[in-house]
Every structure is written in structure tokens, then in C-alpha cells.
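Below is one structure, written out as C-alpha cells; comments come after it.
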Amino acid sequence: MDLYLILFYFFAIITLVSAFFVVTTRNVIYAAFNLMLTLFGVAGFYVLLGADFIAIVQLIVYVGGILILLIFGVMLTNKITDTDIKSGFLNRVPGLLIVGTFAGILIGTLLKSTWRIAAPLPPPVAGLVGIGNLLMTEYTLIFEILGAVLLIALIGAASIARKQSN
Amino acid sequence: MSILAIVLITLVKIIIIANVILITVSYLVYFERKISAWVQNRIGPNRVGPLGLFQPFADVLKLMLKEDIVPDAANKLVHTLAPVLALIVAFTTYAVIPFGPVVTMFGYQIPLVVADVNIGILYVLAFTSIGVYAITFSGWSSGSKYSLIGGIRSSAQMISYEISMGFSIAGVLLTAGSLRPMEIVAAQHGWMWNAVLQPIGFITFLVSAFAETNRLPFDLPEAEPELVGGYHTEYSSMKFASFFLAEYANMIIASAMIVTLYLGGWQVPYIENFGLNAGITAIMQVAAFLFKTGVLLFFFIWVRWSLPRFRYDQLMNIGWKVMFPLSLVNLIWAAIVTMLLN
Numbered sequence: 067m068d069l070y071l072i073l074f075y076f077f078a079i080i081t082l083v084s085a086f087f088v089v090t091t092r093n094v095i096y097a098a099f100n101l102m103l104t105l106f107g108v109a110g111f112y113v114l115l116g117a118d119f120i121a122i123v124q125l126i127v128y129v130g131g132i133l134i135l136l137i138f139g140v141m142l143t144n145k146i147t148d149t150d151i152k153s154g155f156l157n158r159v160p161g162l163l164i165v166g167t168f169a170g171i172l173i174g175t176l177l178k179s180t181w182r183i184a185a186p187l188p189p190p191v192a193g194l195v196g197i198g199n200l201l202m203t204e205y206t207l208i209f210e211i212l213g214a215v216l217l218i219a220l221i222g223a224a225s226i227a228r229k230q231s232n
Numbered sequence: 002m003s004i005l006a007i008v009l010i011t012l013v014k015i016i017i018i019a020n021v022i023l024i025t026v027s028y029l030v031y032f033e034r035k036i037s038a039w040v041q042n043r044i045g046p047n048r049v050g051p052l053g054l055f056q057p058f059a060d061v062l063k064l065m066l067k068e069d070i071v072p073d074a075a076n077k078l079v080h081t082l083a084p085v086l087a088l089i090v091a092f093t094t095y096a097v098i099p100f101g102p103v104v105t106m107f108g109y110q111i112p113l114v115v116a117d118v119n120i121g122i123l124y125v126l127a128f129t130s131i132g133v134y135a136i137t138f139s140g141w142s143s144g145s146k147y148s149l150i151g152g153i154r155s156s157a158q159m160i161s162y163e164i165s166m167g168f169s170i171a172g173v174l175l176t177a178g179s180l181r182p183m184e185i186v187a188a189q190h191g192w193m194w195n196a197v198l199q200p201i202g203f204i205t206f207l208v209s210a211f212a213e214t215n216r217l218p219f220d221l222p223e224a225e226p227e228l229v230g231g232y233h234t235e236y237s238s239m240k241f242a243s244f245f246l247a248e249y250a251n252m253i254i255a256s257a258m259i260v261t262l263y264l265g266g267w268q269v270p271y272i273e274n275f276g277l278n279a280g281i282t283a284i285m286q287v288a289a290f291l292f293k294t295g296v297l298l299f300f301f302i303w304v305r306w307s308l309p310r311f312r313y314d315q316l317m318n319i320g321w322k323v324m325f326p327l328s329l330v331n332l333i334w335a336a337i338v339t340m341l342l343n
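Residue numbers (the numbering used here), protein chains in the order written: chain E, 67 to 232; chain U, 2 to 343.
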């Protein structure tokens with residue numbers, strides 16, 4: 067086994083095991099911590115694929131931004147109002163049915179389909195410069211629209227958060 | 002270069018840097034106490050060894066011999082995990098900070114940085130944002146209101162100042178045209194230090210660095226008179242020492258980052274005109290990096306013992322209404338400068 071494969075399985079195990087705990091643990095803080103490990107594992111995959119910029123952005127945005135806000139919410143509500151937020155098992159039978167069906171479909175497709183293996187691509191060069199150029203030429207419109215969406219979200223958040231004046 | 006050589010060279014670099022940082026941290030604590038004593042017209046530690054120079058070792062020994070107390074209300078696992086996280090973050094960040102030029106040693110081209118990553122600056126940002134977890138977890142898991150308030154204050158402060166920090170860095174990246182720390186340093190040759198080219202960005206980054214390291218005047222997370230000790234109120238023994246260590250290690254990172262981004266890194270202006278040989282030049286450049294970092298560390302300590310603490314609303318006002326717009330102005334200025342220089 068070469069180093070690449072070992073690293074791949076290392077990240078795969080981290081991602082899968084922590085993702086398993088995210089959904090099974092009853093303590094929300096543990097779930098959040100495991101979600102952090104899952105996001106780390108995915109970042110590892112990006113690095114293995116040669117997309118180091120995406121990997122770091124994944125860490126900055128998801129681990130450094132979104133997840134920390136989630137933990138904030140949980141921390142503040144869990145301790146201050148004295149109502150324990152704990153996840154439990156609800157609706158076992160319908161849940162099992164739906165999940166079982168989906169799992170069956172997925173596994174069935176996995177086993178039945180014939181996999182074509184493409185010739186290995188040359189390693190991508192200078193990810194960051196390439197992404198920047200694409201964003202400023204081919205995908206300018208989408209980039210600008212995304213900017214507008216974010217601006218709208220910001221204004222919305224600010225208007226919800228500000229004090230209501232009578 | 003064979004794989005073995007690369008691994009060996011990297012290991013040697015890691016060991017050297019880790020040890021230098023550990024020793025610097027312990028002496029930083031000593032100097033903090035000495036400088037605070039000078040500021041307040043006292044003598045400071047002077048009992049252990051000549052001039053109190055062995056004080057750090059006595060402190061470490063004392064901390065190790067203390068009993069490790071975990072409160073009943075604490076979440077044991079997270080309570081233990083938090084200081085570990087703090088240390089991991091504090092020490093991994095050094096990997097991308099260059100402390101010297103590329104030198105030729107034993108026939109190998111060795112860059113004086115542990116990992117010459119092409120997105121090094123983003124790596125530092127990512128790890129500082131993970132540092133928030135250590136503080137949040139420690140505040141939450143202690144099961145004490147002082148810790149919780151300290152933890153929340155600290156993470157809110159770090160998240161707010163990360164934004165102006167990011168925009169200040171964006172200005173530097175514009176002028177350097179790269180995210181690789183080595184190239185950012187190389188772009189600041191001669192007089193063209195970023196502190197000269199974009200003074201506003203330098204100031205916003207400096208202030209944000211103070212806020213990110215939770216140092217006075219931004220030390221609300223610890224604020225002894227109101228919060229006992231903030232997020233590490235319920236920590237004792239080596240767990241407390243880990244937070245202490247991480248805090249000072251973060252101070253060194255912040256100084257090293259300011260030097261790398263704004264003060265020319267390891268560059269000595271116009272050293273190439275003196276016609277010194279390569280070895281002496283390299284040594285002088287590493288010495289210059291250490292000197293600049295040292296001056297900044299002194300500045301950090303000096304400010305701490307000179308200024309009072311902000312109120313919480315003042316802190317948020319400065320972060321969002323002063324530093325953030327200023328860093329945006331700097332970004333536009335940096336774009337203009339870059340266009341003029343090219």
C-alpha cells in the first residue's frame with residue numbers, strides 16, 4: 067500500500083467514524099465536536115485531491131465560522147435556560163423504513179453499475195490562480211449574484227438583530 | 002533530495018523550533034514580570050538564580066506539583082480536551098512562518114521554514130479560527146458562570162476581530178501577489194516594507210492581533226476583577242499551565258506574523274550591497290527576524306502594563322465601527338499602491 071492509499075483510508079475512517087457519532091451521540095456538544103472532525107476529514111480529502119485552497123477554505127468557513135456559531139447557540143441555550151437539549155430516538159419504525167429503502171437503493175446501484183476508470187489526470191496546477199481567473203472571467207455573473215445574496219443575508223441578519231423601535 | 006533527507010531535515014527543524022518556542026515562552030513570562038515591575042517601579046522576580054533568571058523553571062516545577070482539580074459540574078472529557086486543543090493550535094501555526102532565507106547546508110537547499118506551503122497565510126487564519134474552540138470548550142465545560150462568560154466574550158471578540166484581521170491581510174496579499182509567506186517576505190525588499198506601503202493596514206492588523214491574543218487592552222475574557230480568571234477559572238496544575246503556555250505562544254505567533262506580513266520578515270534592507278558572504282548574510286537575516294519579533298514582544302508587554310482595559314461595548318464598537326472600515330480603506334489603498342508600483 068502506498069502512502070496515498072494509507073492517507074486516504076486514514077481520512078476516510080476519521081470522516082465516517084466521526085460522522086457516525088454526530089448522528090448517534092445524545093450530547094449536542096459532542097455531536098458538534100465530532101462534526102468538526104468530520105469536516106477535518108473532508109478537508110483532508112481535498113488536500114489529497116490537490117485542492118489545498120478548497121481544503122483551507124473548508125476549514126475557515128465551516129470549522130471556523132458555521133460550526134462555532136452552532137456551538138454558540140447550543141452553549142447559550144443549554145446552560146442558561148436549564149432545559150437540556152438532548153437528542154433521542156423518535157419514530158423508530160418509519161425512520162428505519164425510509165432509511166432502509168434509501169440504503170437499499172444506494173447499495174443496489176453501487177453493486178449493479180459498471181464502473182469506468184478514467185485515465186489518471188495530470189495534477190492540477192496553481193489552484194488559487196486558476197480559481198481566481200475563472201471567478202473573474204467565466205463565472206463573473208454567478209460570483210456577483212452570490213455577493214448580492216450574501217449582502218441581502220447580512221442586511222436581513224442586521225435588521226432582525228437590531229432593537230425594535232416603537 | 003531523497004524522502005529520508007526531507008523527513009530528517011523537517012524533523013530537525015521542528016525540534017529546533019519547538020524548543021526555541023518553549024524556552025522563549027518561559028522567558029517571556031519572566032520578562033513580562035520584570036517589565037511590569039519596571040513600569041510599576043518595583044524590582045520583580047530576583048530570588049531564584051542571578052537576577053531571578055531561573056524563575057521560569059521554578060514556576061514550571063510549581064505548576065507540575067500542583068493538584069489537578071476538576072470541578073464536579075464539569076464535563077470531564079471536554080474539560081481535558083480544551084487545553085490540548087489550545088496547545089495544538091498554538092504550536093502547529095509556527096510551521097508556516099519563515100524565519101530565514103533559503104540556505105545551502107551540507108549540499109542541500111534548505112528553506113528556513115518548516116513547511117513552505119503555497120497557502121501558508123490561509124493556514125494561519127484557519128488555525129487561529131480553530132483556536133476559538135479551545136476557549137469556547139473550556140468556558141462551556143467548566144460548569145461555572147465565570148468560565149462561561151469568559152469563554153463567550155473571548156470567542157465573540159476573536160470572531161469580530163478576525164474580520165478586520167482578514168481584510169488587513171488581504172491588502173498584503175495584493176501587494177505580494179501570493180499567499181506563500183516566503184514570497185510575501187521576498188516582496189518586501191529594500192524600503193518596501195508593507196508597514197511603509199500600507200500604514201493603515203499595519204495599524205488595523207496590530208490592533209486585531211492584540212484582540213486575537215486576548216491581551217490588554219483587550220483582555221476582557223480574563224478581566225480578573227469581574228470574572229476571576231475568565232475561561233480558565235476552573236483549571237489548575239498543568240491544564241492551567243497549558244492555557245498559559247498557549248497564550249504566550251500565541252503572542253509569539255502574532256509577533257512573528259506581524260514581522261512576516263508588515264516588517265519585511267527576515268529581510269535586512271540593502272544587505273546585498275555590503276558584499277558579505279552568503280553564510281554571514283543568512284545568519285544576520287535570521288538574527289534580524291528574531292530581533293524584530295523580540296521588539297514586538299516587548300511592545301506587547303509594554304502596552305499591557307500601560308493601558309487600561311476597554312469596556313465591552315467599546316471593544317465591539319472599535320472592532321466593527323473603526324477597525325473594519327479602516328481595513329476596507331486599506332484594501333483600496335493597497336490596490337492603488339500595487340497598480341502604481343507595477
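Cβ atoms here follow ideal geometry from the backbone N, Cα and C, with glycine treated the same way. Here the structure is a predicted model, which is why all the values come from computation and not from measurement.
- Task: Tell me whether the beta-carbon of isoleucine 98 of chain U lies closer than 9 Å to the beta-carbon of glycine 121 of chain U.
- Result: yes
- Proximity of tyrosine 124 of chain U and valine 118 of chain U at Cβ, strictly below 9 Å: Yes, Cβ-Cβ distance for tyrosine 124 of chain U and valine 118 of chain U is below 9 Å.
- Item | Within chain E, partners of leucine 126 of chain U - CB distance below 7 Å | Ile126
- According to a CB-to-CB cut-off of less than 8 Å, which residues of the stretch 112-140 of chain E neighbour chain U? Asp118, Phe119, Ile122, Val123, Leu125, Ile126, Val129, Gly130, Gly131, Ile134, Ile137, Phe138
- Message: With H, G and I counted as helix, E and B as strand and the rest as coil, what does DSSP make of tyrosine 271 of chain U?
- Response: Coil, per DSSP.
- Query: For isoleucine 259 of chain U versus alanine 210 of chain U, is the C-beta distance shorter than 9 Å?
  - Reply: yes
- Message: For alanine 116 of chain U and alanine 87 of chain U, what's the separation of their Cα atoms in angstroms?
- Response: Spanning the two alpha carbons is a distance of roughly 21 Å.
- Query: Quick one: is tyrosine 96 of chain E near chain U, going by C-beta distance under 9 Å?
  - Reply: yes
- In whole angstroms, what separates the C-alpha of leucine 327 of chain U from that of serine 256 of chain U? Roughly 21 Å separates the two Cα atoms.
- Message: Using a Cβ distance threshold of 8 Å, determine whether the stretch 137-152 of chain U contacts the stretch 198-210 of chain U, with at least three qualifying pairs required.
- Response: no
- glutamine 124 of chain E - DSSP class collapsed to helix/strand/coil: Shown here, glutamine 124 of chain E sits in a helix according to DSSP, grouped into three states.
- Starting from the Cα of phenylalanine 128 of chain U, find the closest Cα among U:Pro46, U:Ile254, U:Pro309, U:Ile10 and give me that residue. U:Ile254
- Message: Once DSSP output is grouped into helix, strand and coil, what is the label at asparagine 215 of chain U?
- Response: Here asparagine 215 of chain U sits in coil by DSSP.
- Query: How should serine 169 of chain U be labelled, buried or exposed, when 16 other C-beta atoms within 10 angstroms of its C-beta is the threshold for buried?
  - Reply: buried
- Cα-Cα separation, arginine 310 of chain U to serine 37 of chain U: 16 Å
- If we ignore side chains and look at the alpha-carbon of each, how far apart do isoleucine 17 of chain U and glutamine 56 of chain U end up? 23 Å
- Query: DSSP state of glutamine 315 of chain U, grouped into three classes?
  - Reply: helix
- Using a Cβ-Cβ cut-off of 6 Å (strictly less than) and excluding sequence neighbours within five positions of glycine 320 of chain U, which residues of its own chain qualify? Ser161, Tyr162
- Query: Would you report the Cα separation of tyrosine 75 of chain E and leucine 82 of chain E, rounded to the nearest angstrom?
  - Reply: 10 Å
- Identify whether methionine 166 of chain U lies in helix, strand or coil by the three-state DSSP scheme. helix
- Decide yes or no for the touch test of the stretch 93-105 of chain E against the stretch 124-144 of chain E: beta carbon pairs closer than 8 Å, at least 3 of them. yes
- Runs of beta strand (DSSP E) wholly within the stretch 291-342 of chain U (minimum 3 residues, chain order): none
- Task: Over the uninterrupted beta strand (DSSP E) stretch that includes valine 103 of chain U, give me the two end residues.
- Result: 103-106
- Message: Just to confirm the assignment, what range does the beta strand (DSSP E) spanning glutamine 110 of chain U have?
- Response: 109-112
- Could you check if glycine 108 of chain U is buried or exposed, using at least 16 other CB atoms within 10 Å of its CB as the buried criterion? exposed
- Item | Residue span of the alpha helix (DSSP H) that contains arginine 34 of chain U, given as start and end | Run containing arginine 34 of chain U: 4-40, per the alpha helix (DSSP H) assignment.
- Contact check, asparagine 195 of chain U vs leucine 262 of chain U under 8 Å by CB: the rounded distance? 6 Å
- Message: Could you give the first and the last residue of the continuous alpha helix (DSSP H) run that contains glutamate 46 of chain E?
- Response: Any question about residue 46 of chain E goes unanswered here, given that chain E covers just 67 to 232.
- Message: Helix, strand or coil for asparagine 93 of chain E? Go by DSSP, reduced to three states.
- Response: In this structure, asparagine 93 of chain E counts as strand in the three-state DSSP scheme.
- Helix or strand or just coil, what does DSSP make of phenylalanine 168 of chain E? helix
- Item | Alpha-carbon spacing of isoleucine 146 of chain E relative to tryptophan 141 of chain U, whole angstroms | Low confidence applies here, because isoleucine 146 of chain E scores a pLDDT of 48, under 50, leaving its location unreliable and the question unanswered by this model.
- State yes or no: is the C-beta of valine 269 of chain U within less than 9 Å of the C-beta of glutamine 286 of chain U? yes
- Message: Which of the three DSSP states is assigned to leucine 115 of chain E in this structure?
- Response: In this structure, DSSP gives leucine 115 of chain E a state outside helix and strand, which the three-state scheme calls coil.
- For the stretch 211-221 of chain U against the stretch 41-59 of chain U, are there 3 or more C-beta pairs whose distance is under 8 Å? No contact exists between the stretch 211-221 of chain U and the stretch 41-59 of chain U.
- Task: Report yes if the CB atom of phenylalanine 77 of chain E is closer than 9 Å to the CB atom of glycine 110 of chain E, and no otherwise.
- Result: In this structure, glycine 110 of chain E lies closer than 9 Å to phenylalanine 77 of chain E by Cβ.
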